[in-house]
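Q: Protein chains in written order, with the numbering used here: chain A, 2 to 296; chain B, 2 to 296. We treat Cβ as the ideally placed atom computed from N, Cα and C, and that holds for glycine.
Protein chains: 2
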Amino acid sequence: MEVRDLRALLAVVRCGSFTVAARQLGFTQSAVSQQVASLEAELGQLLVERRPVRPTAAGRRLAEHAAQVLLRLDVASSELARFRQRPGAVKVALSPLASPQLLAVALRSVRSQSPDLKVSVKSVVATEAINLLASGAVDAALVDGITGPSEPLHLSGTGLLTSRWVAQAPLVVALQRGHPLAARPEISLEVLADAPWLVAPALLEGGATRRHQGASWKEPVLYEGADLGTLLKLVGAGLGAALLPDWAVEGDDSVTGAPLSGARLVHRTELLTLRTDGAGQNPVIEAVLALSRRV
Amino acid sequence: MEVRDLRALLAVVRCGSFTVAARQLGFTQSAVSQQVASLEAELGQLLVERRPVRPTAAGRRLAEHAAQVLLRLDVASSELARFRQRPGAVKVALSPLASPQLLAVALRSVRSQSPDLKVSVKSVVATEAINLLASGAVDAALVDGITGPSEPLHLSGTGLLTSRWVAQAPLVVALQRGHPLAARPEISLEVLADAPWLVAPALLEGGATRRHQGASWKEPVLYEGADLGTLLKLVGAGLGAALLPDWAVEGDDSVTGAPLSGARLVHRTELLTLRTDGAGQNPVIEAVLALSRRV
DNA sequence: CGTGATTACGGTTGACGTAATCATA
DNA sequence: TATGATTACGTCAACCGTAATCACG
Chain A
2 MEVRDLRALL AVVRCGSFTV AARQLGFTQS AVSQQVASLE AELGQLLVER RPVRPTAAGR
62 RLAEHAAQVL LRLDVASSEL ARFRQRPGAV KVALSPLASP QLLAVALRSV RSQSPDLKVS
122 VKSVVATEAI NLLASGAVDA ALVDGITGPS EPLHLSGTGL LTSRWVAQAP LVVALQRGHP
182 LAARPEISLE VLADAPWLVA PALLEGGATR RHQGASWKEP VLYEGADLGT LLKLVGAGLG
242 AALLPDWAVE GDDSVTGAPL SGARLVHRTE LLTLRTDGAG QNPVIEAVLA LSRRV
Chain B
2 MEVRDLRALL AVVRCGSFTV AARQLGFTQS AVSQQVASLE AELGQLLVER RPVRPTAAGR
62 RLAEHAAQVL LRLDVASSEL ARFRQRPGAV KVALSPLASP QLLAVALRSV RSQSPDLKVS
122 VKSVVATEAI NLLASGAVDA ALVDGITGPS EPLHLSGTGL LTSRWVAQAP LVVALQRGHP
182 LAARPEISLE VLADAPWLVA PALLEGGATR RHQGASWKEP VLYEGADLGT LLKLVGAGLG
242 AALLPDWAVE GDDSVTGAPL SGARLVHRTE LLTLRTDGAG QNPVIEAVLA LSRRV
């Protein structure tokens, strides 16, 4: 089981083609074919069907393992690179609803203390943050999501990274102002079962909510963007209800937020970093943590 | 980053010697030296100090990653091997206090339904079970431990394996019969802070208890064996108190179990298996799960 | 037939082992 | 000085690319 072969398998499974996988990897089609064949020989079974190129059950499973192995190798090499050189610049990834206030205040305090430090912030979808950390493109990531009050956010690559809880906010059901349900002091998800529903996976991963809503729920309207203002306008226009952290609905007059009852869910943002194990910590991380402790 | 090199690094770190690492791996000393050197060149930093051979901070961290990567590769190859051949025999690992009753009943029912199936059971320390599963030496493992009522057992290799909750029992404080504290209806851990304490890591991993007992606790007496009878005799002889599942103290007349209060902890056993994703399930696993659902 | 995967084959690379060298307890 | 890691170097395996072949749409 060579790393190279696993990388080839993963690329082939993802691309659905030896040719384009080879292009991606910088090999010839022939080489990739041999690499996959070598895996198949070693394991004694077919991993991808050819013409059309489609993974077998075994191949699909091995590809999952391969993805995790390669991710960990990336994380390892990023971590080790960080052992070498102390950071002169700090890059932070930020998912759309990840308490930007917190980061803003932290950055201000960092700027005042060490003005020569280069700081850059990059906005990303939550699930992308792990890859950025793994590849070393960012030093830390503030990501957010919906979970139970004492559950961690479960992101795919967790365990490799350290995640620290940084902020937590109650969830509200965002409704068009004047909506009949908005009068209630609290709303349970069951009440909304038949209401139209807006889902914005790029803005806020609602993994936990999927589990809470039964099969009886309507197919939600999908908003593929990551812009909060647009989503609020859609809600305000009566297209549907959305689940958001309470502070997110403050800005828009056409939308009201009704507290959620029943479903024990919260909005949380966590700070993800590579495990650097002491030794020369990142000033931005320190500042964010100091703030979150005070809040 | 080659798998071979990572394996070499890990062996060197574990053995504290290039020579014996090489013997373990079936290489010459020279080869291992070159493999580690190759890693060091690639990462641009020293991973192990020589004379004496000791990992640097970076090396230690990389070795941790390496261990996880190699474990996952083992799991992958075991899983894939299982895709090939349907099992004619079933091997189960069992940690010392992992509800043996459950397995016994399950095995009886399996024997009656398919008498031609070879079944073997192997007793192991809980932490060893993962390696056995990964190497393919066993098909399933019943492991137990102490955690919170809704927390999973956190074992190092989890995430690679599927773990299913199979049984749960209240924890009791095992005390010498006639012990002054035994008269109480319930005992909190705080009350026992100054009492002598018996810890048996091979018998029952008390990971969670470590967190619950403050620094003020006495250094516990260590019992290195994995034999419940012996531990109970030690308790009965007044050597100290021990934390055990309630059914474990039934057998011995010199010991009583007092229910635990305050600390929200339980004893749980979980069934660990490779992810086989449907397709030809293991009859023993099915039987154990069927039983646990009934209980 | 044409696109795309496999197989055949040669060149080059690089990994391991032997043996000599070096360093440290 | 002896044990044990590194370095030098030759050999051999294997990996990749080119090119021919094969198979499926």
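Could you say which of Arg73/B, Ser113/B, Leu95/B lies nearest to Val305/B if we only look at CA atoms?
A: There is simply no residue 305/B to check, as chain B begins at 2 and stops at 296 in what is shown.
Q: Can you tell me which of Leu162/A, Gly263/A, Arg62/A puts its alpha carbon nearest to the alpha carbon of Gln46/A?
A: Sequence index remark: in the first sequence, residue 46/A carries index 45 (1-based). Closest option to Gln46/A, Cα to Cα, is Arg62/A.
Q: Could you check what DSSP says for Pro284/A in three-state terms: helix, strand or coil?
A: Taking the first residue of the first sequence as 1, we reach residue 284/A at position 283. Residue state, collapsed to three classes: helix.
Q: Can you pull the chain B neighbours of Gln69/A, defined as C-beta to C-beta under 7 angstroms?
A: By one-based count along the first sequence, residue 69/A stands at place 68. Neighbourhood of Gln69/A in chain B, by CB distance below 7 angstroms: Arg73, in chain order.
Q: Taking beta-carbon pairs under 8 angstroms, can you tell me which members of the segment 32-49 of chain A lie near chain B?
A: Leu44, Gly45, Gln46
Q: Under 9 angstroms, Cβ to Cβ, is there at least one residue of chain A near Met2/B?
A: If you number the second sequence from 1, residue 2/B lands on position 1. With 9 angstroms as the cut-off, Met2/B counts as an interface residue toward chain A.
Q: Report the start-end ranges of each alpha helix (DSSP H) in the segment 218-249 of chain A that is 4 residues or longer and not cut off at the edges.
A: 229-237
Q: Considering only C-alpha positions, which residue in the set Ser262/B, Thr163/B, Ala238/B is nearest to Leu272/B?
A: In the second sequence, residue 272/B corresponds to position 271, counting from 1. Per the Cα distances, Thr163/B.
Q: Have a look at Ala249/A, Leu118/A, Leu240/A and flag the residue whose alpha-carbon is nearest the alpha-carbon of Gly230/A.
A: Within the first sequence, residue 230/A is the residue found at index 229, counting from 1. Measuring from the Cα of Gly230/A, the nearest candidate turns out to be Ala249/A.
Q: Leaving out five residues before and five after Ala227/B in sequence, what residues of the same chain have Cβ atoms less than 7 angstroms from its Cβ?
A: Residue mapping note: residue 227/B aligns to position 226 of the second sequence, counting from 1. Here the set comprises Pro97, Val126, Ala203, Leu204.
Q: Give every residue of the same chain whose Cβ lies closer than 7 angstroms to the Cβ of Leu7/A, excluding the five residues on either side of it in the sequence, and list them in chain order.
A: Locating residue 7/A in the first sequence gives position 6, counting from the first residue. Only Ala67, Val70, Leu71 meet the Cβ criterion.
Q: Closest by CA to Leu292/B, which one among Leu48/B, Gly27/B, Val111/B?
A: Translated into the one-based positions of the second sequence, residue 292/B becomes position 291. Of the candidates Leu48/B, Gly27/B, Val111/B, the one whose C-alpha sits nearest the C-alpha of Leu292/B is Val111/B.
Q: Taking 9 angstroms as the cut-off, decide whether the C-beta atoms of Leu245/A and His268/A are in contact.
A: Residue numbering aside, residue 245/A sits at position 244 when the first sequence is read from its first letter. Residue numbering aside, residue 268/A sits at position 267 when the first sequence is read from its first letter. Yes; because the gap between Cβ atoms is below 9 angstroms, this pair is in contact.
Q: Within 9 angstroms (strictly less), CB to CB, does Val76/B reach chain A?
A: Translated into the one-based positions of the second sequence, residue 76/B becomes position 75. Closer than 9 angstroms to some Cβ of chain A, the Cβ of Val76/B qualifies, so yes.
Q: Could you pull the DSSP bridge partners for Val70/A from this structure?
A: Numbered from its first residue, the first sequence carries residue 70/A at position 69. Per DSSP, none; premise fails for Val70/A.
Q: Looking at the C-beta of Phe28/B, does it have a partner C-beta in chain A at a distance below 9 angstroms?
A: On the second sequence, position 27 is the one that residue 28/B refers to. So, not an interface residue.
Q: Can you give me the start and stop residues for the beta strand (DSSP E) that Val21/A sits inside?
A: Locating residue 21/A in the first sequence gives position 20, counting from the first residue. Annotation: Val21/A is outside any beta strand (DSSP E); the continuous alpha helix (DSSP H) that includes it extends over 19-26.
Q: If we define contact as Cβ-Cβ less than 9 angstroms, is Arg55/A a contact residue for chain B?
A: Locating residue 55/A in the first sequence gives position 54, counting from the first residue. Output row for Arg55/A: interface = no.
Q: Strictly below 9 angstroms CB to CB, what residues from chain B border Glu80/A?
A: In the first sequence, the residue the question calls residue 80/A occupies position 79. The contacting residues are Ala59, Arg62, Leu63, His66.
Q: Which residue comes first and which comes last in the beta strand (DSSP E) that contains Glu43/B?
A: The residue labelled residue 43/B in the question sits at position 42 within the second sequence. Where Glu43/B is concerned, there is no enclosing beta strand (DSSP E), although the alpha helix (DSSP H) it sits in stretches over 30-44.
Q: Within 9 angstroms (strictly less), CB to CB, does Arg165/B reach chain A?
A: In the second sequence, the residue the question calls residue 165/B occupies position 164. It does not; no Cβ of chain A falls within 9 angstroms.
Q: Taking only heavy atoms of the ligand MN into account, decide whether any of them is closer than 8 angstroms to the Cβ of Thr20/B.
A: The ligand content of the structure shown is nil, which means the ligand MN is not present either.
Q: Return the residues of the segment 84-101 of chain B that lie within a Cβ-Cβ distance of less than 9 angstroms from chain A, sorted by chain order.
A: Phe84, Arg85
Q: Beta-carbon separation of Leu275/A and Ile147/A under 9 angstroms?
A: To locate residue 275/A, count along the first sequence from 1; it is residue 274. To locate residue 147/A, count along the first sequence from 1; it is residue 146. Result no, Cβ atoms of Leu275/A and Ile147/A do not sit closer than 9 angstroms.
Q: Around the Cβ of Glu43/B, are there at least 16 other Cβ atoms within 10 angstroms (buried) or fewer (exposed)?
A: The residue given as residue 43/B occupies position 42 in the second sequence. Classification for Glu43/B: exposed.
Q: According to DSSP, is Asp145/A part of a helix, a strand, or is it coil?
A: Here residue 145/A corresponds to residue number 144 of the first sequence, with the count starting at 1. Strand at Asp145/A.
Q: Roughly how many whole angstroms lie between the Cα atoms of Gly19/B and Arg85/A?
A: Residue mapping note: residue 19/B aligns to position 18 of the second sequence, counting from 1. Residue mapping note: residue 85/A aligns to position 84 of the first sequence, counting from 1. It is Phe, not Gly, that sits at residue 19/B in the sequence shown. Distance between the alpha carbons of Phe19/B and Arg85/A: 24 angstroms.
Q: Cα separation between Ala242/B and Thr270/B?
A: Locating residue 242/B in the second sequence gives position 241, where the first residue counts as 1. Locating residue 270/B in the second sequence gives position 269, where the first residue counts as 1. Their Cα atoms are separated by approximately 22 angstroms.
Q: Taking the straight line between their C-alpha atoms, what separation do you get for Leu154/A and Leu154/B?
A: Position 153 of the first sequence, counted from the start, is the residue given in the question as residue 154/A. Position 153 of the second sequence, counted from the start, is the residue given in the question as residue 154/B. Going from the Cα of Leu154/A to the Cα of Leu154/B covers about 18 angstroms.
Q: How about Arg276/A: is its C-beta nearer than 9 angstroms to some C-beta of chain B?
A: Looking up residue 276/A in the first sequence gives position 275. Chain B contact via Cβ: present.
Q: CA-CA distance, Ile131/A and Ala77/A?
A: To locate residue 131/A, count along the first sequence from 1; it is residue 130. To locate residue 77/A, count along the first sequence from 1; it is residue 76. Approximately 13 angstroms, taken between the alpha carbons.
Q: How is Arg61/A classed by DSSP in three states: helix, strand or coil?
A: In the first sequence, the residue the question calls residue 61/A occupies position 60. Of the three classes helix, strand and coil, the one that applies to Arg61/A here is helix, per DSSP.
Q: Could you compute how far the alpha carbon of Leu156/A sits from the alpha carbon of Glu80/A?
A: As a working mapping, residue 156/A is identified with position 155 in the first sequence. As a working mapping, residue 80/A is identified with position 79 in the first sequence. So the two alpha carbons sit approximately 19 angstroms from each other.
Q: Enumerate, from N- to C-terminal direction, the unbroken alpha helix (DSSP H) stretches of 4 or more residues contained entirely within the segment 69-121 of chain B.
A: Whole alpha helix (DSSP H) segments, 4+ residues: 101-114.
Q: Is Ala99/B near Val144/B, with beta carbons less than 9 angstroms apart?
A: Position 98 of the second sequence, counting from 1, holds the residue named residue 99/B. Position 143 of the second sequence, counting from 1, holds the residue named residue 144/B. Yes; because the gap between Cβ atoms is below 9 angstroms, this pair is in contact.
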